[in-house]
Amino acid sequence: MSTPPTHKPLADLPPSYRPAEEEPAILERWLQGDAYQANASADGDPYSICIPPPNVTAPLHLGHALNNTLQDILTRHARMSGKNAVWLPGTDHAGIATQTVVEKRVLAEEGKRRTDFERDAFIGKIQAWKDEYEATITDQLKQMGCSCDWDRQAFTMDDPRAKAVREAFFQLFKDGLIYRGKRLVNWDPVTQTALADDEVESKDIDGNFYYLKYPVCDAEGNLTGDHVTVATTRPETMLGDTAVAVNPKDEPRAKYIGQFVKLPICDRVIPILGDDYVVIPDPDSDDAKARMASGFLKVTPAHDTNDYEIGQRHDLPIINVMAPDGSISKDHGWPAEEWDAAEKPTDDVPSSVGFVAAFAHELLGQTREAARKAIVRWFKDQDLLAEVKPYRHAVGHSYRSHAAIEPYYSDQWYLKVTDDKLAGAALRALDESQREASSHDAFNAKTPSRQDAKEEPTGPTTGLTFTPPRYAKTFQTWHENIRDWCISRQLWWGHRIPVWSLQLTDQQAHIFRKNLDNKTDDSLGEGTDDAFATSTFLKKKYPDEIGLRFNEATRQLFCCVREDHPEILRKLSGTGWVQDPDVLDTWFSSALWPMSTLGWPERTPELDLWNPTSVLCTAREIITLWVSRMVMFNLYFLGRLPFKDVFIHAMIQDGHGQKMSKSLGNGVDPMDIIHSHGADAMRFTLASMTTQTQDVRMPVDMVDPHSGETFTPKFITASGGVKVAAPTQERDGKSMVSSYGLASGEVKPSDDQPLARNTSEKFELGQRFATKLWNATRFALSNLAEAEPDAVTSSLSLADKWILSKTVRAIEHADKTLKAYDFHNYAGGLYEFVWNEVCDWYIESVKPDIKTPEAAKSRKALATVLDVSLRLLHPVMPFVTERLWSGLNAVCPQRGVLGLDPVECDELVKAPWPIADRALIDLEAEEVFPRVQHVVGMVREVRAGAKVPPREVVDFSLHMEDAEAERVRPNLHLVETLTNTKMVAVGPDTEKPEGAAVVTGPAGIGYLHVQIDTAEEAERLNKRKAELEKSLKTLDGRLSNEKYTSKAPSHLVQQTRDQRAAAAAELDEVERQLAALE
RNA sequence: GGGUGAUUAGCUCAGUUGGCUAGAGCGACUCGUUUACACCGAGUAGGUCACAGGUUCGAGUCCUGUAUCACCCACCA
């Protein structure tokens, strides 16, 4: 159902392509015409791509534009190639990120915090934000030309996706892969939630090493008068110390093992123990730690992951001294008896305790930083501070709030990704060719691949391939060192964890354990109260709908609910069960994306057709966060990979090599570029800048809304010496708002602060190319007739044969590069083909005679070349090619030549990809045409040098051997056309006219009949002579080397001999001409 | 601390198994508005391929080392 073209004739259009005037109508036509829609029952090999769902936190930036351009190129190419192609769009709820931006906005606009609202009310506010930005994002994608199947748009938190999350969680819970654990997590004190390992980013911080003296004592706390010195960067955590450790191999210090210290401030008596982990001091060591170490390590299991592990080994108590916001607190794990004792000093307790408690009161409620200062001061005052040394070291920071991460002891849900069925399966999925040698168990399993999936394999389980290949290493290393995944987040915005819990009494726990031993699950909870009996009831009535788990240590009973069945919920909530308040890590739902977008857990036709998807196209930063987890989940739940190809593309940076980001104000809104240069220009530029090695640098300019001129915004230097752009730009005393700042909702334009759009000169490349294509088509269309006679290749001119040959090669080049995800060369190859070959040479060759009856075959060839060019360019420049396509269809509907006869189609978006017959490759034409080009180049050089007016027709004659002359003779007209000369003689007898300029070449000599200054001619010939001599010297050097002639491949040696002969012949001529000049 | 990538013309970047007399776009300079295109055409200039060694008949390309930059990973004594 195609709409007939309604455009004006092209002749009425201006010489420049105006994207803003053309793109909306074309977009509308595609959307109305269902151009992007896919049908699972349609013909064609399946091809599918899942969009990496953008976060609904903010509008898309140029990084997204690149990512989606590449996917659209692949999708459109697949669709045109006859595949049953679908591109599945959607957005991500981005739990922590979205909640954070909304919290910020609510605080700014209403002065209220999240906790001032009911949970549902605040979620409503986030939902409104999500709706707004999802709409913005969708509109951006559409205007970029992204050919997503919009009927299938998904959101990671909509109903179908929620169903998938619940099902996946339930299955993993039942399979014993999800567990509750109390351990150290990466805690973000600002957003007050746990973070996964890869949500933590390290930054180097200039800090200090503090050397604190701890008094040594006996087990009863009697001081010996001695002391040990611990070294730490975090003095404030000493409040939670429960031991001091020494390396047993550390001769001078090992003697302290078995003694005790009385922890200052707290007066806690803690042991000195031996542990290999402790670094032995060595002032000459390469290891900074060994140089700085004192040999005594304070052990704070609640606030340091290593200390936690030492604590586990030695069964130390864990004392948490902080509240969730990171302030010092006595209410989150500090032993009450210790505190109470300190609170009320008596005669039985050493007097210092009272003093300590009084000081501790000063600490309570202080931030980590303030507490650090206070404690250091205290140690100094007590003469217990031995030394302070500056030390630069890495500190983990929240990727969201950028606050320093606090290792924090808390209860969380974990997914056991370390299980072989998850991480092991992901490792084995990596294609053999990309694996590195490894001793990891996954590769040495006795029965590999058998245990990978819950079900038998239903598709590929191996062959995962990264492009560029080096990223396979990131993937492998990640899985070899993976730790269990903390999946709970203390947020409101996200998938609520579908687990209810019940705290059992000792009696209940006893019964439960007994029943567990007897494996009589049915009698669970018999003879106990309602709350506990509920589980029995539910277990019997809904055996497939709930999963039960008992936590021995905490006596908690957990019930995982598969779906929100009313009776189950009623029973649970009515009998004292409490639903877990936390939500799941965002990436849990993202990990299911290739399944959930296609209907899983239902076995839909779409799921079986389009999963595995064809390729995942993303940036390297989320290989661990996302790629890994999709691979593990798809393998686990479906028994096959979610995709085999992973294409990792470049990142876009600003002109200073900085990552673009909203907070730095250097982000560019794709809509600004579409506004100024057009979607095609943006797409083409981004694609052609995408190489496999380099990140893309995109200098950011701004358009001044006051004057309209473009300028480079000022950059200010931030503390780290990093250059960042100011979000609100100042210029000539007037301030303005960048459209990116506007989009973030932080600033709004006004009369005082009008809107300044970002831009970058880089996009002129694509814009110029679109205009060039536009004009080449205008030329063609003004010369083509509706029905040109059929052309037979044998009677085509040299230029026709040459360009058709090149066209075939262009098709092959496009196919080859797209298959290899080599977008730079796909775009670059077509640029060169259209601009240099079609426009500069072919059109210039046929231009003068194109309207004559004799040129009918050239017109047919031209129409065909244009047809193919538009098809090949459509994936990257869909708008302008579609617009020109309707013009071409209107003027010359019947195109094609023998061997290249593309199928007609009303709309380019649905047109078939060209298939080339290699018989059209004309080696003779490909050899002769460049000779013409060479001669033309030489003549043009002379004309330019001699300042011959371009319009003046100059006589030209060629001196060459008969054989060569015969070859050239049919194409003399071409030379005349391209050089504006008249050929007066060709052959071995041609003599040089008096005063003529000489043009030398490998096949002969040309004489340009112009009066030329002798000195200039001599200069030009001498220059050529020098070039030839240099070349000859190189070639001779190579040939005189016996080892070269004997060892190098024979065809190379022959090539060198030919080159030498040609250079020598030309040098002879040049010298002869030089002699004649004198 | 470990890893990855980069360093090529004034700028931004190509350069696939070693064969290069090293390319493109932008910018610069000269000429030109001949009805597809001045968002254009024709032409010119501009590079000891970061540095130092090595392998080879031959190195921008492979190896070793050094320097600088970027990013990723690592348990913040």
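Each residue of the first sequence is one higher than the last, beginning at 49 in my numbering.
Ideal Cβ placement from N, Cα and C applies to all residues, glycine included.
None of these values were measured; they are calculated from a predicted model.
Beta-carbon spacing of residue i, residue j below 7 Å
i: R162; j: E151; result: yes
i: L632; j: P508; result: no
i: Y456; j: Y227; result: no
i: V264; j: H275; result: yes
i: T239; j: R448; result: yes
i: Q604; j: S549; result: yes
i: G143; j: R561; result: no
i: A473; j: L620; result: no
i: I185; j: P102; result: yes
i: A113; j: P718; result: yes
i: K849; j: D970; result: yes
Chain-order list of residues whose beta-carbon lies under 6 Å from that of residue i (same chain, five-residue window excluded)
i: Y869; result: T515 and F695
i: C940; result: L832 and A911
i: D728; result: A818, M925, F927 and V928
i: H362; result: L321
i: D254; result: R440
i: S96; result: V134, W658, T661 and S662
DSSP-derived helix/strand/coil call for residue i
i: R668; result: helix
i: T1027; result: helix
i: T553; result: coil
i: E166; result: coil
i: K310; result: strand
i: T466; result: coil
i: Y890; result: helix
i: V1016; result: helix
i: Y325; result: coil
i: V609; result: strand
i: L920; result: helix
i: D1116; result: helix
i: T241; result: strand
i: K437; result: strand
i: Q1121; result: helix
i: H351; result: coil
i: T765; result: Only weak support exists for where T765 lies, its pLDDT of 36 falling under 50; the value from the coordinates is given anyway. Three-state result, T765: strand.
i: Y590; result: coil
i: D363; result: coil
i: T739; result: coil
i: V996; result: coil
i: W541; result: coil
i: L412; result: coil
Contact belief for residue i with residue j at Cβ below 8 Å, rounded distance in angstroms
i: T290; j: P349; result: 6 Å
i: T117; j: R731; result: 5 Å
i: Q85; j: D199; result: 6 Å
i: I367; j: W382; result: 6 Å
Cβ neighbours of residue i in the same chain (closer than 7 Å, five flanking residues each side left out)
i: S64; result: T819
i: H861; result: G877
i: W533; result: A244, Y462, L463 and V465
Contacts around residue i, its chain only, beta-carbon distance under 8 Å, and the 5 residues preceding and following it disregarded
i: L1083; result: T1104, Q1107, R1108 and A1111
i: L847; result: According to the sequence provided, residue 847 is Ala. The question's Leu does not apply to it. Here the set comprises W889, Y890, S893, V894, S906, F977 and L1022.
i: F491; result: L475, R476 and R483
i: F308; result: V264, C265, D266, A267, G269, V317, I318, P319 and I320
i: V675; result: F523, L664, T666 and V694
i: E1000; result: N1028
**Request:** Report the residue ranges of all alpha helix (DSSP H) runs contained in full by the segment 1080-1106; include only those spanning at least 4 residues, in chain order.
**Result:** 1090-1095
**Prompt:** At what residue ranges does the segment 93-149 contain a whole run of the alpha helix (DSSP H), taking only runs of 4 or more?
**Reply:** 110-128
**Prompt:** At which residue ranges does the segment 848-906 contain complete alpha helix (DSSP H) runs of 4 or more residues, listed in the order of the chain?
**Reply:** DSSP runs (the alpha helix (DSSP H)) wholly in the segment 848-906: 871-879.
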